[in-house]
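Q: Have a look at this one.
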Amino acid sequence: MSTLTLKDQPEQPPQETPLESRTEVGAPEASNDEGAPAKATSCNLCGLSFATLADQRSHARSDLHGYNLKQKIKGLKPVDEAEFEKLIGDLDESISGSESSESDEDEQEGSKPKDSTLNIGPHYFLCMIGGGHFAAMIVALAPKTGKKHTGVDERSATVIAHKTFHKYTTRRKQGGSQSANDNAKGNAHSAGSSIRRYNETALINEVRELLSSWKSMIDTAELVFVRATGATNRRTLFGPYDGQVLHQNDPRNRGFPFSTRRATQKELMRAFVELTRVKQSTIDEAALAALDNPEATRTTTTPAPAKPKPPKLTKEEELAALHTSQIIPLIKRSKVPALVNYLRTNNVPPTFTFFPVNHHTPTPLHLAASLSSAPIVLALLTKAGADPTLMNDEARTSFMLTGDRATRDAFRVARSELGESAWNWEQAGVPAAMTKAEADKRDLEEKAEKAAESKAEADRRKAETERVRKESEAADAKRKETRLGKGKTLGVPVKTGADLREEEMRGLTPEARARLERERRALAAMKRMQR
Numbered sequence: 001m002s003t004l005t006l007k008d009q010p011e012q013p014p015q016e017t018p019l020e021s022r023t024e025v026g027a028p029e030a031s032n033d034e035g036a037p038a039k040a041t042s043c044n045l046c047g048l049s050f051a052t053l054a055d056q057r058s059h060a061r062s063d064l065h066g067y068n069l070k071q072k073i074k075g076l077k078p079v080d081e082a083e084f085e086k087l088i089g090d091l092d093e094s095i096s097g098s099e100s101s102e103s104d105e106d107e108q109e110g111s112k113p114k115d116s117t118l119n120i121g122p123h124y125f126l127c128m129i130g131g132g133h134f135a136a137m138i139v140a141l142a143p144k145t146g147k148k149h150t151g152v153d154e155r156s157a158t159v160i161a162h163k164t165f166h167k168y169t170t171r172r173k174q175g176g177s178q179s180a181n182d183n184a185k186g187n188a189h190s191a192g193s194s195i196r197r198y199n200e201t202a203l204i205n206e207v208r209e210l211l212s213s214w215k216s217m218i219d220t221a222e223l224v225f226v227r228a229t230g231a232t233n234r235r236t237l238f239g240p241y242d243g244q245v246l247h248q249n250d251p252r253n254r255g256f257p258f259s260t261r262r263a264t265q266k267e268l269m270r271a272f273v274e275l276t277r278v279k280q281s282t283i284d285e286a287a288l289a290a291l292d293n294p295e296a297t298r299t300t301t302t303p304a305p306a307k308p309k310p311p312k313l314t315k316e317e318e319l320a321a322l323h324t325s326q327i328i329p330l331i332k333r334s335k336v337p338a339l340v341n342y343l344r345t346n347n348v349p350p351t352f353t354f355f356p357v358n359h360h361t362p363t364p365l366h367l368a369a370s371l372s373s374a375p376i377v378l379a380l381l382t383k384a385g386a387d388p389t390l391m392n393d394e395a396r397t398s399f400m401l402t403g404d405r406a407t408r409d410a411f412r413v414a415r416s417e418l419g420e421s422a423w424n425w426e427q428a429g430v431p432a433a434m435t436k437a438e439a440d441k442r443d444l445e446e447k448a449e450k451a452a453e454s455k456a457e458a459d460r461r462k463a464e465t466e467r468v469r470k471e472s473e474a475a476d477a478k479r480k481e482t483r484l485g486k487g488k489t490l491g492v493p494v495k496t497g498a499d500l501r502e503e504e505m506r507g508l509t510p511e512a513r514a515r516l517e518r519e520r521r522a523l524a525a526m527k528r529m530q531r
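Numbering-wise, the sequence shown is residues 1 to 531 according to our numbering.
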């Protein structure tokens, strides 16, 4: 309204209106405490008057005016300048709203430590490595509380930092790292081995860089849980190398007291839950009562039987065990001269039995017969004086354990060489005696017979193969002729009828030629008449 003018009046520049007057336009005139009307350049809140508008604006930005505004909001009386000066003498910070907020922010920033890791609280470090898989996690011991959608309180772990690496370092379908295979068999030169070596080096570097970046948090961890199987994996974590973070002799080191799976973040979290959660188990009350009563426990429990001590061997048994350990390998390897020499040198009796006792083959002769070693059997009978009538626990003599005819013939040859009076051959079950020449002759005859049979069989197979081949060729030729027709030889001239008649008459006498010509003509006349 102050800017409106009449048409016949000249225009005048608009006059500046003070802020307080603009806000109080149309309002009744304010009055001070004495009831007198306040001037436009006065502060009703503080009860002060000002000479100029600039002084009033300066007062509106002053601490006194701001303090009185707060007092009014709180429902308290404003203060004058003297009281305010007395109040600010006891204060250490500004009362103005802007300065107060700035100082609060400065104090909050100053209260925070420069290193944020000092404020994360108690925490654990968990780490797993193996098979090219690495997982590490730093988790706080203080749980994070919250509520589910059902309103039930929920506590979850607070993961401060976690990281996983997965590299192709193990040999597929064979297992083991590439470095372990190289150490055992030498460096392989395949593409896969080169990739695995590169990935092993990359995994080591990445793991050590991660540990270095987490050094401050690992150093302040309460406990360090590590699973690293194998020399290579432990060397990756525990070095030695420059700037290593984990150390073998660290008293905080712990292992996972349960089975773990592949190194992943999920597996680390499962391990942390297993380590920190309490499990409830039901205990039988009767068992608890038994524990409370030690006398009852003593009466009910039976002492575990002590392991029986092995009996001390006598000198004879020790000597028999020594002979057994030497004789058995010689028999199994058919070392005839060495066996005979050992028996004679050590004065081993012919009736020697193995120690510990073998119920099936108690003597060297029984063992040689069961192994079908004919040379050993003959040497034991003729040179070592072995007794063929001795029986095992199954009431079987050594001859009854033989597995082929050559070994049985060795017993018969020994009977022939030693004579009928040497042993009771009938009791031993040995058939009639046979000389070595007879045995050799029969062996030769059998070999010749077997050779003849083998040759006949080979000839039969050869003839049968030839017959089948010819039949196959004939069948193939017949099928080819049926499909393509009978072929003709290339390069051979085709003979005419005159040529054929000339070949038939070649070498005949003139009379025979005339007779043949008459027969041909008569035959031709008959064919013409038949038409």
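The beta carbon of each residue, even a glycine, is placed where N, CA and C say it ideally should be.
1) My understanding is that S193 touches Q178, with C-beta atoms under 8 angstroms, so please give their C-beta distance in whole angstroms.
2) Who pairs with F50 in a beta bridge, going by DSSP?
3) Within the stretch 405-484, note down every full alpha helix (DSSP H) run reaching 4 residues or more, in order along the chain.
4) So R415 and A433 are supposed to be a Cβ contact under 8 angstroms. How far apart are they, rounded?
5) In the structure shown, what three-state DSSP assignment does Y342 receive?
6) Tell me which residues share the same chain as T496 and place their Cβ nearer than 6 angstroms to its Cβ, disregarding the 5 neighbours each side in the sequence.
7) I need the DSSP call for T532, collapsed to helix, strand or coil.
8) Quick check on DSSP: helix, strand or coil for P349?
9) By the three-class DSSP mapping on this structure, what secondary structure does F272 have?
10) Please report the distance separating the alpha-carbon of N205 from that of E154.
11) So, under 8 angstroms CB-CB, F134 and F165 are touching, yes? Tell me the CB distance rounded to an integer number of Å.
12) Pop quiz: V336 and P364 are said to be a contact at Cβ under 8 angstroms. What is the actual Cβ separation, rounded to whole angstroms?
13) Using CA coordinates, which residue listed in E394, F352, S334, S373 is at the minimum distance from H359?
14) Once the 5 residues before and after A369 are set aside, which same chain residues still bring their CB inside 7 angstroms of it?
15) Give the secondary structure of I283 by DSSP, where H, G and I count as helix, E and B as strand, and everything else as coil.
16) For A30, name the three-state secondary structure that DSSP assigns.
17) Where does E156 fall in DSSP's three states?
18) Identify every residue that forms a DSSP beta bridge with Y168.
19) Just to confirm my understanding: we take L550, look at its own chain, exclude 5 residues before and 5 after, and list those with CB closer than 6 angstroms. What are they?
20) Can you tell me whether DSSP reads H162 as helix, strand or coil?
21) May I ask you to verify whether the stretch 464-480 touches the stretch 444-451, counting CB pairs closer than 8 angstroms and requiring at least 3?
22) Is T232 helix, strand or coil by DSSP?
23) Is it the case that the Cβ atoms of I120 and V139 are separated by a distance below 8 angstroms?
24) Is the beta carbon of I331 closer than 8 angstroms to that of R319?
25) So Y241 packs on R208, CB below 8 angstroms; how close in whole Å?
26) Are three or more beta carbon pairs between the stretch 278-287 and the stretch 305-321 nearer than 8 angstroms?
27) With a threshold of 16 other CB atoms inside 10 Å of the CB of N392, please say whether the residue is buried or exposed.
28) Between which two residues does the beta strand (DSSP E) harbouring I138 extend?
29) Does the beta-carbon of P555 have 16 or more other beta-carbons within 10 angstroms, so that it is buried, or is it exposed?
30) Given a threshold of 16 other Cβ atoms within 10 Å of its Cβ, counted over all protein chains shown, does F258 qualify as buried or as exposed?
31) Does the distance from the CB of V513 to the CB of M505 come in under 8 angstroms?
32) Check I129 in the structure and name its three-state DSSP category.
33) Out of K72, E81, R235, E267, state which residue places its alpha-carbon closest to the alpha-carbon of F256.
34) Between the Cα of T353 and the Cα atoms of G429, A386, Y342, which residue gives the shortest distance?
35) Per DSSP, Y241 is paired with what?
36) On the DSSP letters alone, give me the boundaries of the alpha helix (DSSP H) that A500 sits inside.
A: Put simply:
1) The count along the sequence shown starts at 1 and reaches residue 193 at position 193. The count along the sequence shown starts at 1 and reaches residue 178 at position 178. Confirmed, about 6 angstroms.
2) By 1-based counting over the sequence shown, the position of residue 50 is 50. For F50, which the question treats as bridged, DSSP gives no partner whatsoever.
3) 405-418, 425-428, 436-484
4) Numbered from its first residue, the sequence shown carries residue 415 at position 415. Numbered from its first residue, the sequence shown carries residue 433 at position 433. With 8 angstroms as the limit, R415 and A433 qualify as a contact, their Cβ atoms being about 4 angstroms apart.
5) Residue 342 sits at position 342 when you count from the first residue of the sequence shown. The answer is helix: DSSP assigns Y342 an H, G or I state.
6) Position 496 of the sequence shown, counted from the first residue, corresponds to residue 496. Nothing listed; no residue qualifies.
7) What is shown of the chain runs 1 to 531, which leaves residue 532 out entirely.
8) If you number the sequence shown from 1, residue 349 lands on position 349. Looking at P349 - three-state DSSP - the assignment turns out to be coil, as it is neither helix nor strand.
9) Here residue 272 refers to the residue found at position 272 of the sequence shown. F272: helix per DSSP, three-state reduction.
10) For the purposes of this step, residue 205 is identified with residue 205 of the sequence shown, where counting begins at 1. For the purposes of this step, residue 154 is identified with residue 154 of the sequence shown, where counting begins at 1. Going by the C-alpha atoms only, they are around 39 angstroms apart.
11) Along the sequence shown, one-based indexing puts residue 134 at 134. Along the sequence shown, one-based indexing puts residue 165 at 165. Contact holds; Cβ gap of about 4 angstroms.
12) Taking the first residue of the sequence shown as 1, we reach residue 336 at position 336. Taking the first residue of the sequence shown as 1, we reach residue 364 at position 364. Not confirmed; about 12 angstroms, so no contact.
13) As a working mapping, residue 359 is identified with position 359 in the sequence shown. Comparing Cα-Cα distances from H359 to each of E394, F352, S334, S373, the minimum goes to E394.
14) As a first step, residue 369 is located in the sequence shown; it is residue number 369 there, counting from the start. Cβ neighbours of A369 beyond the five flanking positions: V377, S398, F399, L401, T402, T407.
15) For this step, residue 283 is matched to residue 283 along the sequence shown. In the structure shown, I283 sits in coil (DSSP, three-state: anything other than H, G, I, E or B).
16) Within the sequence shown, the letter at position 30 stands for residue 30. Here A30 scores only 40 on pLDDT, less than 50, and its place in the model should not be relied on; the value that follows carries that caveat. Looking at A30 - three-state DSSP - the assignment turns out to be coil, as it is neither helix nor strand.
17) The residue labelled residue 156 in the question sits at position 156 within the sequence shown. A small fix is needed here, since residue 156 is Ser in this sequence, not Glu. Correct three-state label for S156: strand.
18) What you label residue 168 is simply residue 168 of the sequence shown in a count that begins at 1. Y168 pairs with nothing; no bridge assigned.
19) Residue 550 lies beyond the stretch modelled for the chain, which goes from 1 to 531, so this question has no answer here.
20) Walking along the sequence shown from the start, residue 162 turns up at place 162. Strand at H162.
21) no
22) The residue labelled residue 232 in the question sits at position 232 within the sequence shown. In this structure, T232 counts as helix in the three-state DSSP scheme.
23) The sequence position of residue 120 within the sequence shown is 120, counting from 1. The sequence position of residue 139 within the sequence shown is 139, counting from 1. No; because the gap between Cβ atoms is not below 8 angstroms, this pair is not in contact.
24) For the purposes of this step, residue 319 is identified with residue 319 of the sequence shown, where counting begins at 1. For the purposes of this step, residue 331 is identified with residue 331 of the sequence shown, where counting begins at 1. Going by the sequence as given, residue 319 is Leu instead of Arg. Against a cut-off of 8 angstroms, the Cβ pair of I331 and L319 comes out as no contact.
25) Taking the sequence shown and counting its residues from 1, the one referred to as residue 241 is at position 241. Taking the sequence shown and counting its residues from 1, the one referred to as residue 208 is at position 208. Indeed, because the Cβ distance is near 7 angstroms, the residues count as touching under 8 angstroms.
26) no
27) Position 392 of the sequence shown, counted from the start, is the residue given in the question as residue 392. Buried is the call here.
28) Counted from its first residue, the sequence shown places residue 138 at position 138. Here the beta strand (DSSP E) through I138 covers 133-147.
29) Nothing can be reported for residue 555: it is not among the residues displayed for the chain, which extend from 1 to 531.
30) In the sequence shown, residue 258 corresponds to position 258, counting from 1. Exposed, by the Cβ-count rule.
31) Translated into the one-based positions of the sequence shown, residue 513 becomes position 513. Translated into the one-based positions of the sequence shown, residue 505 becomes position 505. Looking at the sequence shown, residue 513 is not Val but Arg. Yes, Cβ-Cβ distance for R513 and M505 is below 8 angstroms.
32) Here residue 129 is taken as the residue at index 129 of the sequence shown, counted from 1. If DSSP states are grouped into helix, strand and coil, I129 belongs with the strands.
33) In the sequence shown, the residue the question calls residue 256 occupies position 256. The shortest Cα separation from F256 among K72, E81, R235, E267 belongs to E267.
34) Indexing the sequence shown from 1 puts residue 353 at position 353. Looking at the Cα atoms, A386 is the closest of the given residues.
35) Here residue 241 is taken as the residue at index 241 of the sequence shown, counted from 1. Beta-bridge pairing links Y241 to no other residue.
36) Locating residue 500 in the sequence shown gives position 500, counting from the first residue. First, the residue type needs correcting, since residue 500 is Leu and not Ala in the sequence shown. Looking at the DSSP string, the run of the alpha helix (DSSP H) that includes L500 is 497-505.
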